[in-house]
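Chains as they are written, first to last, in the numbering used here: chain A, 367 to 499; chain B, 367 to 499.
A virtual CB, placed ideally from N, CA and C, is assigned to each residue, including glycine.
Encoded as structure tokens, the structure appears first; notes follow it.
2 protein chains.
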Amino acid sequence: MNLITRNTDYAIRALIYMAGAAPELVSATDLVRDLGLPRPFIRKILQELQKAGFLYSIKGKNGGFQLAVAPEKLRLVDLILLFQGPVSMGDCLLRKKICACTQTCPLRLELKKIEAMAVAHLQNVTVAFLMKG
Amino acid sequence: MNLITRNTDYAIRALIYMAGAAPELVSATDLVRDLGLPRPFIRKILQELQKAGFLYSIKGKNGGFQLAVAPEKLRLVDLILLFQGPVSMGDCLLRKKICACTQTCPLRLELKKIEAMAVAHLQNVTVAFLMKG
DNA sequence: TAAAATGATACTATAATGGTATCATTCTGT
DNA sequence: ACAGAATGATACCATTATAGTATCATTTTA
């Protein structure tokens with residue numbers, strides 16, 4: 367069980383790299399060279415980040431990407447949302463009814479509490495924060 | 367992203383049911399009837415619980431299962447361990463080196479903190495606790 | 001001895017994740 | 001003008017984890 371997937375992990379590494387390189391443009395080629403990630407995969411991730419508004423892109427020769435958001439405002443939790451969907455650790459897994467619970471089920475309540483703690487913590491984890499470490 | 371899988375969810379429901387039915391034996395048939403779970407699946411789960419020492423089983427006609435552990439000592443975290451493996455939310459996902467981190471990577475550190483909080487919380491969630499709710 | 005139960009085990013299906021490939025488009029330097 | 005280097009869009013494939021099924025052997029009791 368992992369809190370983040372490779373998508374998210376690669377994305378955050380790429381963003382940290384870009385934050386460090388700013389205001390220079392960073393191309394997929396740069397990232398492949400310096401981070402050793404598979405090229406087509408990182409390309410896809412960059413495209414998703416761009417679509418989501420985290421990156422500003424410039425096409426053509428000497429083109430590349432730049433952060434479109436300040437590192438202090440680039441939160442891990444938003445990347446998770448983008449690549450993995452909403453953080454929701456306590457959904458009911460039962461396919462049939464049984465469970466009138468959903469609202470009251472004590473198991474869900476506890477899982478939701480953990481979820482809330484995790485999200486609260488993740489809110490503070492930004493690209494800027496991770497660069498310091 | 368879910369903290370528990372169906373295996374675990376079904377298991378805990380079955381255990382709660384059994385705790386309520388004690389000291390009567392509970393058969394797979396009972397659980398299929400009263401909880402509506404797929405029979406072969408719940409059978410497999412019961413067998414795993416038995417092997418792991420959470421259940422005591424009696425074979426033959428009128429046989430079934432009983433809790434082998436007091437409900438107060440049946441912790442969700444142990445079921446997660448059994449069905450999903452160790453709770454480890456912060457493993458490095460990078461395949462190549464790059465990352466001299468592992469020990470120092472600030473991202474891992476944060477994820478490990480969240481993991482520790484979650485595990486601490488899960489320690490308190492027992493079958494007995496869930497029955498009260 | 002038949003029926004009802006678990007024990008053991010092997011198999012299949014589905015979905016999520018991870019990863020690849022390709023062609024179109026845009027921009028720059030020569 | 002045009003070649004080359006970059007992104008945009010999109011479709012596809014591979015691997016793994018989860019979920020679920022099936023089957024046969026064994027045990028116990030009525």
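*In angstroms with no decimal places, state the Cα-to-Cα distance between E414(A) and G430(A).*
14 Å
_Reference L421(B), options M384(B), Y376(B) and K479(B), closest by Cα_ = M384(B)
*asked:* Can you check whether the C-beta of G499(B) is within less than 7 Å of a C-beta belonging to chain A?
replied: yes
_Per-residue contacts from S454(B) into chain A (C-beta, under 8 Å)_ = M367 and N368
_Where L415(B) sits in the DSSP three-state scheme_ = helix
*Taking 8 Å as the threshold, find out whether the stretch 431 to 450 of chain B comes into contact with the stretch 486 to 498 of chain B through three or more Cβ pairs.*
yes
_Once DSSP output is grouped into helix, strand and coil, what is the label at F431(B)?_
strand
*Looking at C-alpha atoms only, which residue of D396(A), I424(A), P389(A) and A377(A) is the closest neighbour of K410(A)?*
A377(A)
*Consult DSSP for T374(B) and reduce its assignment to one of helix, strand or coil.*
helix
_Below-7 Å beta-carbon distance, P406(A) vs any chain B residue_ = no
_Cutoff 7 Å: L397(A) Cβ touching any chain B Cβ_ = no
_Just to confirm before moving on: does the CB-CB distance between M455(A) and L477(A) stay below 7 Å?_
yes
*Given a cut-off of 7 Å, decide if L403(B) and Q432(B) are closer than it, judged by their beta-carbon atoms.*
no
*asked:* Does chain A have any CB closer than 7 Å to the CB of V443(B)?
replied: no
*Do V485(A) and V453(A) come within 7 Å of each other at the CB atom, strictly closer than that value?*
yes
*Is the CB-CB distance between Q418(B) and L397(B) below 7 Å?*
The displayed chain sequence assigns Ala, not Gln, to residue 418(B). No, these two residues do not count as a Cβ contact at 7 Å.
*Residues that Y422(B) bridges to, as DSSP identifies them*: Q432(B)
*Could you please tell me which residues of the stretch 375 to 396 of chain A, in chain order, have their CB closer than 7 Å to any CB of chain B?*
D375 and I378
_I'd like to confirm the pairing. Which residues does DSSP put opposite R441(B) in its beta bridges?_
T492(B)
_Of the residues I480(A), A394(A), N368(A) and K479(A), the one placed nearest I424(A), counting alpha carbons only_ = A394(A)
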